[in-house]
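Following: one structure in structure tokens, then a few remarks.
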Amino acid sequence: MKKIIAVASAAVLGLSVAACDSAAENEMEDQAEEMEDSMDAEIDAMEDAGEITDDQADAMEDAVDEDAEAMEEAADTMDAEPS
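Just so we're aligned: the sequence shown equals residues -23 to -1, 1 to 60 in mature numbering (1 follows the signal peptide of the UniProt record, and there is no 0).
Below, the structure is given as structure tokens:
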């Protein structure tokens, strides 16, 4: 669980320094969605395999959702920030 959250958080931090233009903003938002989809699939697989409980899966998915939302919000502000 901590590994998944750490990976998602690292992705947020890494992508927050991306170039500041519309193409970069769109790419960052796409990467946020891809990360969220990938992490959700991994969490579902862990839950299906009995490695984690339903409550743990829910908590992990909530954390991933928050990280993805933070990435998308950071992308939304990219064009507003001065270069």
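Where is the CB? At the ideal position from N, CA and C, for every residue including glycine.
Short Cβ contact (9 angstroms threshold) for residue i with residue j
i     : j        : result
Ala1  : Met55    : yes
Ala51 : Met23    : no
Ala34 : Ile(-19) : no
Glu13 : Asp42    : yes
Exposed unless 16 or more other CB atoms sit within 10 angstroms - verdict on residue i
i     : result
Glu46 : exposed
Glu11 : exposed
Asp44 : buried
Expected contact under 8 angstroms - CB spacing of residue i and residue j to nearest Å
i     : j     : result
Asp17 : Glu38 : 6 angstroms
Proximity winner among the options, relative to residue i (alpha-carbon distances)
i     : options               : result
Asp53 : Asp31, Asp7, Lys(-22) : Asp7
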